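Chemist: If you scroll down you'll find the structure; I have some questions about it.
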Amino acid sequence: MNLKANESGRFSRRTKAKTQLLRLLDEKMLSVRFVAAVAGDCVLNDEDNERLSEMKKRRGDRIYVDFLFALCHKLFLPRRAQTLWHSILIHKKQLSHQLGRTVNISVATLDYLTTVEQVLEFPVLVSEPSMATVAEVAVKDDLTRLYDHTTFLEKLREEVKRFERYGHTLSVLMMDLDHFKLVNDMHGHPVGDSVLRQMSKLINQNLRSVDIAARYGGEEFAICLPQTEDRDAYFFAERLRKQTEELFNDSFQVTVSIGIASAPGDGTSAEALIQSADQALYHSKQTGRNRSTAFRDIMS
Numbered sequence: 011m012n013l014k015a016n017e018s019g020r021f022s023r024r025t026k027a028k029t030q031l032l033r034l035l036d037e038k039m040l041s042v043r044f045v046a047a048v049a050g051d052c053v054l055n056d057e058d059n060e061r062l063s064e065m066k067k068r069r070g071d072r073i074y075v076d077f078l079f080a081l082c083h084k085l086f087l088p089r090r091a092q093t094l095w096h097s098i099l100i101h102k103k104q105l106s107h108q109l110g111r112t113v114n115i116s117v118a119t120l121d122y123l124t125t126v127e128q129v130l131e132f133p134v135l136v137s138e139p140s141m142a143t144v145a146e147v148a149v150k151d152d153l154t155r156l157y158d159h160t161t162f163l164e165k166l167r168e169e170v171k172r173f174e175r176y177g178h179t180l181s182v183l184m185m186d187l188d189h190f191k192l193v194n195d196m197h198g199h200p201v202g203d204s205v206l207r208q209m210s211k212l213i214n215q216n217l218r219s220v221d222i223a224a225r226y227g228g229e230e231f232a233i234c235l236p237q238t239e240d241r242d243a244y245f246f247a248e249r250l251r252k253q254t255e256e257l258f259n260d261s262f263q264v265t266v267s268i269g270i271a272s273a274p275g276d277g278t279s280a281e282a283l284i285q286s287a288d289q290a291l292y293h294s295k296q297t298g299r300n301r302s303t304a305f306r307d308i309m310s
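Read in order, the letters of the sequence shown are residues 11 to 310 in our numbering.
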């Protein structure tokens, strides 16, 4: 029982850390330059002030969690993070006075958390571009280099927030390779892995810069199409389905079944959209496979 609790706790911490890594990837929100400006190291411009105001409204006290994670890549509870942030600002001022020169927020944070609070052991300095690269690797599936399940959900939730704020359309595709177990059984797992990599490459070739794709699990993929209504999402799904047939035609047959859901008609939350798209995918599977089904069509 304790082992299960410990595993659950570790999984929860990994998920939270991954969420913060995703925030770190958004340089406009959590760049060290921006945090330094908030701390007084440089002047906040109009864009920074607008961004800070938006973050305070949206994140509340969790904004201090974001600041500290950007600086030292460690998670703290919101109240603890707020206390540490203000203590670090005081420490920064004291260090600057003692040394007779301005000490920036990164140095003050590192010194305070290692020598005063002693919550960091053997810290490693990593440049912001390098940390962004590490973050990108951490949130992607090892085999396909698409986003993983957890990351896709987080990013989809962010897109739903944008949909709620601006009223843009939003569509989700759930995709599953047909009879994939036979590929592994007949040709071996290395060939199966190659199929998954080729499929992910094909998906990437069809994406816009704003689209989000993930290996959702096993041979299942998920795609988020922001600002895309159900009709256009269906055309996208059909193009991808046909290209999948053509891609593997020379070796052995690989086809894909797809389910499509669109906001607001098929759901207004990430979970609801995924559930609707999953039901549409199930319908594609049950009615012959190698087809695309929109959730609205099975409900009409």
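Backbone N, C-alpha and C define an ideal beta-carbon position, used for all residues, glycine too.
Small disclaimer: the values here were computed from a predicted structure and weren't measured.
I'd like to know if the segment 82 to 90 and the segment 102 to 113 are in contact, where contact means that at least 3 CB-CB pairs between them fall below 8 angstroms.
Modeler: no
Chemist: Mind checking V220: buried by the 16 CB within 10 Å criterion, or exposed?
Modeler: exposed
Chemist: Buried or exposed for Y2, going by 16 or more other Cβ atoms inside 10 Å?
Modeler: The requested residue 2 does not occur in the structure, where the chain is confined to residues 11 to 310.
Chemist: Starting from D372, follow its DSSP beta bridges and name the residues at the other end.
Modeler: Residue numbering for the chain in the displayed model covers 11 to 310; residue 372 lies beyond these limits and cannot be assessed.
Chemist: Taking buried to mean at least 16 other C-beta atoms within 10 Å of its own C-beta, is C234 buried or exposed?
Modeler: buried
Chemist: Does the Cβ of V182 have 16 or more other Cβ atoms within 10 Å, making it buried, or fewer, making it exposed?
Modeler: buried
Chemist: Just list the residues that DSSP pairs T303 with in beta bridges.
Modeler: G269
Chemist: Looking only at its chain, what residues have a beta carbon closer than 6 angstroms to the beta carbon of I213, apart from the 5 residues adjacent to it on each side?
Modeler: A223
Chemist: Which runs of the alpha helix (DSSP H) fall wholly inside the segment 271 to 301 and span at least 4 residues, in chain order?
Modeler: List check, alpha helix (DSSP H) in window: 280 to 296.
Chemist: Mind checking M184: buried by the 16 CB within 10 Å criterion, or exposed?
Modeler: With 16 or more other Cβ atoms within 10 Å, it is buried.
Chemist: Indicate whether S294 and G269 have their beta-carbon atoms separated by less than 8 angstroms.
Modeler: yes
Chemist: Could you pull the start and end residues of the alpha helix (DSSP H) that N114 belongs to?
Modeler: Where N114 is concerned, there is no enclosing alpha helix (DSSP H), given that its DSSP letter is neither H nor E.
Chemist: Three-state secondary structure (DSSP) at S310?
Modeler: coil
Chemist: Output yes or no for whether 8 angstroms exceeds the beta carbon distance between D151 and L291.
Modeler: no
Chemist: Does M196 pass the burial test, meaning 16 or more other C-beta atoms within 10 Å, or should it be called exposed?
Modeler: So M196 counts as exposed.
Chemist: Rounded to a whole number of angstroms, what is the C-alpha to C-alpha distance between E2 and L94?
Modeler: The structure shown does not extend to residue 2, since the chain spans only 11 to 310, so no value can be given for it.
Chemist: Let me check understanding here. Comparing Cα to Cα, which of K252, D188, C52 lies closest to T112?
Modeler: The option with the nearest alpha carbon to T112 is C52.
Chemist: Buried or exposed: which applies to I284, given that a residue is buried once 16 or more other Cβ atoms fall within 10 Å of its Cβ?
Modeler: buried
Chemist: Do R249 and N216 have their C-beta atoms within less than 8 angstroms of each other?
Modeler: yes
Chemist: Starting from R225, follow its DSSP beta bridges and name the residues at the other end.
Modeler: Residue pairing of R225 in beta bridges, as defined by DSSP: F231.
Chemist: Which of the three DSSP states, helix, strand or coil, is assigned to L180?
Modeler: strand
Chemist: Rounded to a whole number of angstroms, what is the C-alpha to C-alpha distance between M11 and L206?
Modeler: Interpretation of M11 is limited by its pLDDT of 44, a score under 50 that renders its predicted location unreliable; no figure is taken from the coordinates.
Chemist: Under DSSP, the alpha helix (DSSP H) around S41 begins and ends at which residues?
Modeler: That residue, S41, is in no alpha helix (DSSP H); it is neither H nor E in DSSP.
Chemist: On the DSSP bridge list, what partners appear for K150?
Modeler: Y157
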